[in-house]
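Numbering (full-length UniProt numbering), first residue to last: 1 to 175. Ideal Cβ placement from N, Cα and C applies to all residues, glycine included. Working notes, beginning with the structure itself.
Here it is, written out as structure tokens:
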């Protein structure tokens, strides 16, 4: 995965994310904010060489907001938090840690980032991109779990490409 933690690209992203929010953005509805942040983090993942997949269903029944898979099979998750209330109402994020190599919280510029656990990665994003503000600790997956999750990722992505949507509702029980 290409590192955007240093260099001119990160500085340009940081500068853009410090600019005032566009008119109407502070009052945007939470689903709209979540969708915008998801789009921006997906763009960041693509820049980093990760194939992004939203709403990745895990074997434990949870859904990672955004998963990214690199060419080496490394899985990176981003948990999108649209506001403080969204973070405070969600205690399930720890359920994702056993299914990824790296875990990030992704928030907008107005989010009080000090509320987030300091031991996890942090992405600052908007609808157009994002920047890694704090690297996520590496938690390498066991080979058998990596293989199972990579196949799961591929099958969910294929089902979506066929128009099955996030729930994988496609004839023949593909998922």
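Going by CA-CA distance only, name the one from 74, 61, 31 that's closest to residue 52. Out of 74, 61, 31, 74 has the C-alpha closest to the C-alpha of residue 52.
Among residues of its own chain, excluding the 5 on either side of residue 57, which ones have a beta-carbon nearer than 6 Å to its beta-carbon? Around residue 57: 63.
Where are the beta strand (DSSP E) runs, 3 residues long or more, that stay fully inside the region 58-96, in chain order? Unbroken beta strand (DSSP E) runs of no fewer than 3 residues, entirely contained in the region 58-96, are found at 63-69, 75-81, following chain order.
Just curious, the alpha helix (DSSP H) that residue 40 is in, first and last residue? DSSP places residue 40 inside the alpha helix (DSSP H), whose first and last residues are 30-47.
Residue 77, buried or exposed, once every other Cβ within 10 Å from all chains shown has been counted against 16: With 16 or more Cβ atoms within 10 Å of its Cβ, residue 77 is classed as buried.
Completely contained alpha helix (DSSP H) runs for the region 117-172, where each covers 4 or more residues: For the region 117-172, whole alpha helix (DSSP H) runs of length 4 or above, ordered along the chain, are 143-161.
Among 44, 162, 66, 126, which has the Cα closest to the Cα of residue 93? Ranking the options by Cα distance to residue 93, first place goes to 66.
Span of the beta strand (DSSP E) holding residue 104? Start and end: 102-107.
Under the rule that 16 or more other beta-carbon atoms within 10 Å means buried, what is residue 149, buried or exposed? Counting Cβ neighbours within 10 Å, residue 149 comes out buried, since at least 16 surround it.
Anyone know if the C-beta pair for residue 55 and residue 101 falls short of 8 Å? Their beta carbons are not under 8 Å apart, which means residue 55 does not touch residue 101 by this criterion.
Alpha-carbon to alpha-carbon, residue 103 and residue 97: Those two C-alpha atoms are separated by around 7 Å.
Burial state of residue 128, where buried means 16 or more other Cβ atoms lie within 10 Å: By the 10 Å Cβ count, residue 128 comes out exposed.
Find the nearest neighbour of residue 86 within the set 61, 151, 44, 33, judged by alpha-carbon distance. Answer by Cα proximity: 33.
What does a CB cutoff of less than 6 Å around residue 125 pick up in its chain, not counting 5 residues either side in sequence? Answer for residue 125: 37, 40, 41, 106, listed in chain order.
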